[in-house]
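Asker: My questions will all concern the structure given below.
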Amino acid sequence: MGKKRAQSPPRPAVAEGDGASTSQTVEPPKEPRPPQKVFYCEVCSFPLEYCEFGSSLTKCKEWLKEEHPDLYDKYYSEEALTTKIGTLSLEAQAKLDKEAAKKEAKADAKADAALKKKLASQVTIKRIERTKRKHVTAIHGLEAFSIDLKKAAKQLAGRFATGASVTKNAQGLDEIVVQGDVSDEIFDMLEKGDGVLKGVPIANVEIVEDKKKKAE
Amino acid sequence: MFKKFSPATDIATHTPLKQSVQRNLRADILAQWAIEPETLEAVWPKKEGLVLVKCREHIAIYTVGAEPLFFQHFDGPYYPTLRFLHKYPYILPQVQVDRGAIRFLLAGAHMMCPGLTSPGGRLPPAEAAIPAERMVAIHAEGKEHAVGVGLTKLSTEEMKAVNKGVGVETACYLGDDLWALATL
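Residue numbers (full-length UniProt numbering), protein chains in the order written: chain A, 1 to 216; chain B, 1 to 184.
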């Protein structure tokens, strides 16, 4: 197995010379069929023709008009609109349009609410006393800013050369626990947006201390 | 199947598969899909290891280089993911639903017979009938690309005769949570 691997050249079309081609020895190795290119909308990720069923049609249209005017004409010109109705009756189409508009408004409202929630959510950096002069630092609420907690923990572990892990706290929510008192440094990192710790408004970050107060 | 699917909670394990298992899988897929070995080789090179991503409810997703290629439910057939199907639309037999059904399909509904038999829908002619329990690509009236992958619950001839109830069970569709996962 290992030998074969080492021999086979990187091009897949040629690589199947060492096994698959025995059944079809007469013909030269066939070229793989190239994949079909599909244009996906960058707003809703659907193929362009399905944008109209997504929840962001107006935005999709704007984007397409800007980026690919020729394709825009193909999908949203007058005649394209009339042909696509096809066998559906006019009333049914009107109903569909109405529902699409409703769906869009709903999606917008949802996005708004999500954004608001994101802006309002807090990140707390908590210094927790362990024994005597030893501390751990728990960071809570990073996931609201779509930060991958595992990656962030890894980065912090590397940065401070200490242990850092993702654990569930008493409320069953994930938080990052870093060993040692590094709360100020983490605050600075969040302010600068180091590595994966991006996109946290610094006004939403607060440092709290747990248990006995210590002189800074 | 993928109407609600979040990688954080629904994925159990990622495991690279043994070569012997991969060999069997490759043979199975060549038998189930109308795809040439060369083309499959191009998207899933032998050297590239296949990773099995086990999920809740007996769903297994197979990925190459973190990109989901196909998935399986229990011991069922290997469904190609929709992105894969868009690239190689000829690998599955096709059925078409009318325009009115698209909205429901995109909400995850199974496809009912009337949507397939109406003027906007299309089923293969009698001589090329698809039996029950086969994978099909679901296309839509006036659209070029597939909008879902499903399993026929009746043979296409039966659909035409009965014209009632579920005709094609939807496995994955445009805009479901599997679609949202470009990489795993």
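Built from N, CA and C at the ideal position, the CB exists for glycine as well.
As the structure is a prediction and not an experimental result, all values here were calculated from the model.
Mapping DSSP to helix, strand and coil, what is L123 of chain B?
Answerer: Of the three classes helix, strand and coil, the one that applies to L123 of chain B here is coil, per DSSP.
Asker: Between the Cα of S20 of chain B and those of B:V95, B:V147, B:K46 and B:L178, spot the shortest distance and give me the residue it belongs to.
Answerer: Checking every option, the nearest Cα to that of S20 of chain B belongs to B:K46.
Asker: In chain B, which residues lie with their C-beta within 7 Å of the C-beta of E31 of chain A?
Answerer: Near E31 of chain A (Cβ distances below 7 Å), the residues of chain B are E38.
Asker: For chain B, check one thing: does any of its Cβ atoms lie closer than 9 Å to the Cβ of L96 of chain A?
Answerer: By this cut-off, L96 of chain A is an interface position.
Asker: Can you give me the C-alpha to C-alpha distance between H140 of chain A and K54 of chain B, rounded to a whole angstrom?
Answerer: So the alpha carbons of these two residues sit roughly 29 Å apart.
Asker: May I ask you to report which of helix, strand or coil DSSP gives A146 of chain B?
Answerer: A146 of chain B falls in the coil class under three-state DSSP.
Asker: Any idea what DSSP makes of Y75 of chain A, helix, strand or coil?
Answerer: Here Y75 of chain A sits in helix by DSSP.
Asker: Considering only the alpha carbon of each residue, which of B:V97, B:L17, B:G142 and B:T13 lies closest to residue 189 of chain B?
Answerer: This structure cannot settle anything about residue 189 of chain B, because the visible part of chain B is limited to 1 through 184.
Asker: Give the DSSP-derived three-state secondary structure of L50 of chain B in the structure shown.
Answerer: Looking at L50 of chain B - three-state DSSP - the assignment turns out to be strand.
Asker: Pull up the DSSP beta-bridge partners for A101 of chain B, would you.
Answerer: DSSP output for A101 of chain B lists no bridge partner at all.
Asker: Considering only the beta carbon of each residue, do residue 262 of chain A and I176 of chain A sit closer than 9 Å?
Answerer: For residue 262 of chain A there is no data in the structure shown, the boundaries of chain A being 1 and 216.
Asker: I'd like to check one pair, K3 of chain B with G76 of chain B: are the Cβ atoms closer than 9 Å?
Answerer: It is not a contact, given that the beta carbons lie outside the stated cut-off.
Asker: Let's see if you can read the secondary structure: which residues bound the beta strand (DSSP E) around G115 of chain B?
Answerer: Not the beta strand (DSSP E): G115 of chain B falls in the alpha helix (DSSP H), residues C113 to T117.
Asker: Give the interface partners of Y50 of chain A over in chain B, defined as CB-CB distance under 9 Å, in chain order.
Answerer: Those are I102, L106, A140, K143, H145, V147, L174 and G175, listed as they occur along chain B.
Asker: Just checking: is the beta-carbon of A161 of chain B within a distance shorter than 9 Å of some beta-carbon in chain A?
Answerer: Closer than 9 Å: no.
Asker: Once you ignore the five residues that flank E130 of chain A on each side, which residues in its own chain have a CB closer than 7 Å to its CB?
Answerer: As written in the sequence, residue 130 of chain A is Arg, which differs from the Glu given in the question. Cβ neighbours of R130 of chain A beyond the five flanking positions: V136.
Asker: Whole angstroms are fine: how far does the CA of Y88 of chain B sit from the CA of P64 of chain B?
Answerer: It is worth fixing the name first, because residue 64 of chain B is Val in this sequence and not Pro. Cα to Cα, the separation comes out at about 16 Å.
Asker: Report the partner residues of H73 of chain B according to the DSSP bridge assignment.
Answerer: B:I59, per the DSSP bridge assignment.
Asker: Report yes or no: is there a C-beta of chain A within less than 9 Å of the C-beta of P89 of chain B?
Answerer: At least one chain A Cβ lies under 9 Å of P89 of chain B.
Asker: So with CB distances below 8 Å, who are the chain B contacts of Q36 of chain A?
Answerer: Neighbours of Q36 of chain A on chain B, chain order: H86, K87, Y88 and P89.
Asker: So which of A:F145, A:Q36, A:D73 and A:V178 has the shortest CA-CA distance to K116 of chain A?
Answerer: For the residues A:F145, A:Q36, A:D73 and A:V178, the minimum Cα distance to K116 of chain A belongs to A:F145.
Asker: So I125 of chain A packs on I186 of chain A, CB below 8 Å; how close in whole Å?
Answerer: Going by Cβ atoms, the distance from I125 of chain A to I186 of chain A rounds to 5 Å, so yes, they are a contact pair.
Asker: Can you find the residues in the same chain that come closer than 8 Å, C-beta to C-beta, to E104 of chain A, ignoring five residues on each side of it along the sequence?
Answerer: These residues qualify, in order along the chain: S55, S56, L57 and T58.
Asker: Spell out whether any CB of chain B is found under 9 Å from the CB atom of G54 of chain A.
Answerer: Chain B, which has a Cβ nearer than 9 Å to the Cβ of G54 of chain A, makes this yes.
Asker: Can you tell me which of the three DSSP states K154 of chain A falls into?
Answerer: It is helical.
Asker: Relative to the alpha-carbon of D184 of chain A, which residue among A:T167, A:V200, A:I207 and A:A164 has its alpha-carbon at the smallest distance?
Answerer: Among A:T167, A:V200, A:I207 and A:A164, the Cα nearest to that of D184 of chain A belongs to A:I207.
Asker: According to DSSP, is P37 of chain B helix, strand or coil?
Answerer: Of the three classes helix, strand and coil, the one that applies to P37 of chain B here is helix, per DSSP.
Asker: Examine the Cβ distances between the region 129 to 137 of chain B and the region 34 to 43 of chain A and report whether three or more of them are shorter than 8 Å.
Answerer: Flag = no, the region 129 to 137 of chain B and the region 34 to 43 of chain A do not touch.
Asker: What in chain B is Cβ-close to P69 of chain A, meaning under 9 Å?
Answerer: Ordered by position in chain B, no residue passes the 9 Å Cβ test against P69 of chain A, which lies about 20 Å from the chain.
Asker: Could you give the C-beta distance for A78 of chain B and I29 of chain B, rounded to a whole number, given that I count them as a contact under 8 Å?
Answerer: Reading off the sequence, residue 78 of chain B comes out as Tyr, not Ala. 5 Å between Cβ atoms; contact.
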